[in-house]
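Asks: The numbering of the sequence shown is full-length UniProt numbering, which starts it at 1 and goes up by one.
Glycine included, each C-beta is placed from N, C-alpha and C at the ideal position.
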Amino acid sequence: MVSLKRIYTILGLVIGVLILGLVAFTTWYTVDESEQAVLLTFGKVEEGVEEPGLNFKLPWPIQSVEKLSKETFSLQFGYEENEDGVIKEFPEETKMITGDENIVLADLVVQWKINEPSKYLFNADNPEEILRDATSASLRSIIGNSAIDAALTSGKADIEADVHDLLSQLIQKYDIGISILAVKLQDVELPNDEVRQAFTQVTDARETMNTKLNEANKYKNQKENEAVGEQKAIISRAQGDKAARVQAARGSVAVFNELYKEYKNNPEITKQRLVLETLEQVLPGTEIYIMNDDGNTLKYFPIRPLESAKETTEEGVKKKDE
1 MVSLKRIYTI LGLVIGVLIL GLVAFTTWYT VDESEQAVLL TFGKVEEGVE EPGLNFKLPW
61 PIQSVEKLSK ETFSLQFGYE ENEDGVIKEF PEETKMITGD ENIVLADLVV QWKINEPSKY
121 LFNADNPEEI LRDATSASLR SIIGNSAIDA ALTSGKADIE ADVHDLLSQL IQKYDIGISI
181 LAVKLQDVEL PNDEVRQAFT QVTDARETMN TKLNEANKYK NQKENEAVGE QKAIISRAQG
241 DKAARVQAAR GSVAVFNELY KEYKNNPEIT KQRLVLETLE QVLPGTEIYI MNDDGNTLKY
301 FPIRPLESAK ETTEEGVKKK DE
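(1) F122 lies in the alpha helix (DSSP H); which residues open and close that run?
(2) From L213 to F77, what does the alpha carbon distance come to, in whole angstroms?
(3) Contact between the segment 157-175 and the segment 208-223: three or more CB pairs below 8 Å?
(4) Using only the alpha-carbon positions, how far apart do L190 and A106 sit?
(5) So, K113 versus L170, is the Cβ gap smaller than 8 Å?
(6) Could you tell me which residues DSSP pairs with V183 in its beta bridges?
(7) Buried or exposed: V253, going by 16 or more other Cβ atoms within 10 Å of its Cβ?
(8) Can you list, in chain order, the residues of its chain whose CB lies under 8 Å from that of L131, leaving out five sequence neighbours each side?
(9) What is the DSSP secondary structure of L18, counted as helix, strand or coil?
(10) Need the endpoints of the beta strand (DSSP E) that E66 sits in, please.
(11) Within 8 Å, do at least three Cβ pairs link the segment 150-157 to the segment 117-129?
(12) Would the segment 39-47 count as touching the segment 10-20 if we require 3 or more Cβ pairs under 8 Å?
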């Protein structure tokens with residue numbers, strides 16, 4: 001029969017081995033690059049561990065470790081896509097009223113990550129459920145203050161930005177250790193085909209109106225530019241005519257002044273010269289003779305033949321030089 005002392009000895013050895021094994025396997029832990037850890041002492045948060053590698057702690061149950069992922073998570077609101085790419089929609093979740101009292105279906109994706117593991121673990125029982133409810137409240141609030149045209153067409157970017165801001169404020173207020181990275185609207189559509197068709201017709205009409213307005217503005221700008229160019233051309237021609245007339249007037253004044261000087265020196269000769277020049281202008285091509293009748297012999301001085309002879313002589317000299 002085994003003695004009681006031996007039983008106690010064996011039992012003590014077993015307990016010692018178990019304790020040593022427990023100590024050996026629970027006094028260290030590893031954190032990889034995609035993880036972050038929280039160290040707990042008797043259930044109380046001591047510190048967060050974000051550096052990857054091997055770490056040591058007191059054995060369980062004195063200290064324990066909770067590990068969480070550093071990855072970016074996606075919350076699909078209004079639909080669910082499985083691993084095979086099959087999408088299941090939840091229209092009752094996405095049906096909401098716009099600011100101008102129209103019904104739309106809006107779903108989105110929220111990208112988020114855990115930035116404070118201790119708060120994520122202990123400040124709320126189900127942080128992801130809180131995030132989903134906050135997303136629903138934020139989206140419905142922004143859509144409820146937006147017109148249907150903005151929600152369906154050009155206002156989606158503004159709606160995304162407003163939802164992101166409001167959701168970030170709510171999550172910060174709830175203090176559950178989550179940060180919102182991005183909000184992306186997936187689909188904003190009308191609830192049935194008849195309403196979609198009517199809205200499409202309205203949108204097409206609006207686009208046609210905008211196209212016509214743009215064409216009219218383009219034609220208006222073209223005509224205005226042509227008118228401005230024509231105006232500048234007329235002003236430029238007028239300024240050129242003005243300058244020419246001023247210069248011509250100045251030339252006439254200069255000629256008159258020279259004639260007046262000659263007239264003062266030789267009034268009779270200047271008078272005769274002016275008469276001859278005037279006759280040449282009034283009767284172009286007429287033969288003009290200067291005649292002197294003293295009662296005895298009529299003498300005349302042919303002007304044109306002398307001029308012709310002078311021109312012939314000048315042409316001969318020019319040809320000879322060549």
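Replies: Straight from the coordinates:
(1) Stepping through the sequence shown from its first residue, residue 122 is reached at position 122. That run of the alpha helix (DSSP H) goes 117-122.
(2) In the sequence shown, counting from the first residue as 1, residue 213 sits at position 213. In the sequence shown, counting from the first residue as 1, residue 77 sits at position 77. Those two C-alpha atoms are separated by around 40 Å.
(3) Because the criterion of three Cβ pairs below 8 Å is not met, the segment 157-175 and the segment 208-223 do not touch.
(4) Taking the first residue of the sequence shown as position 1, residue 190 is located at position 190. Taking the first residue of the sequence shown as position 1, residue 106 is located at position 106. Going by C-alpha positions, L190 is about 9 Å away from A106.
(5) Here residue 113 refers to the residue found at position 113 of the sequence shown. Here residue 170 refers to the residue found at position 170 of the sequence shown. Note that the C-beta distance between K113 and L170 is not below 8 Å.
(6) Position 183 of the sequence shown, counted from the start, is the residue given in the question as residue 183. For V183, DSSP records a beta bridge to V110.
(7) In the sequence shown, counting from the first residue as 1, residue 253 sits at position 253. Burial call: exposed.
(8) As a first step, residue 131 must be located in the sequence shown, where it is residue number 131. Excluding residues up to 5 positions away in sequence, L75, V110, W112, I171, I176, I178 lie with their Cβ nearer than 8 Å to the Cβ of L131 in the same chain.
(9) Within the sequence shown, residue 18 is the residue found at index 18, counting from 1. Three-state DSSP puts L18 in a helix.
(10) Position 66 of the sequence shown holds residue 66. According to the DSSP assignment, E66 belongs to the beta strand (DSSP E) that extends over 63-69.
(11) In the pairwise beta carbon analysis, the segment 117-129 is classified as not touching the segment 150-157: fewer than three pairs are separated by under 8 Å.
(12) Inter-segment contact for the segment 39-47 and the segment 10-20 is absent: fewer than three beta-carbon pairs are separated by less than 8 Å.
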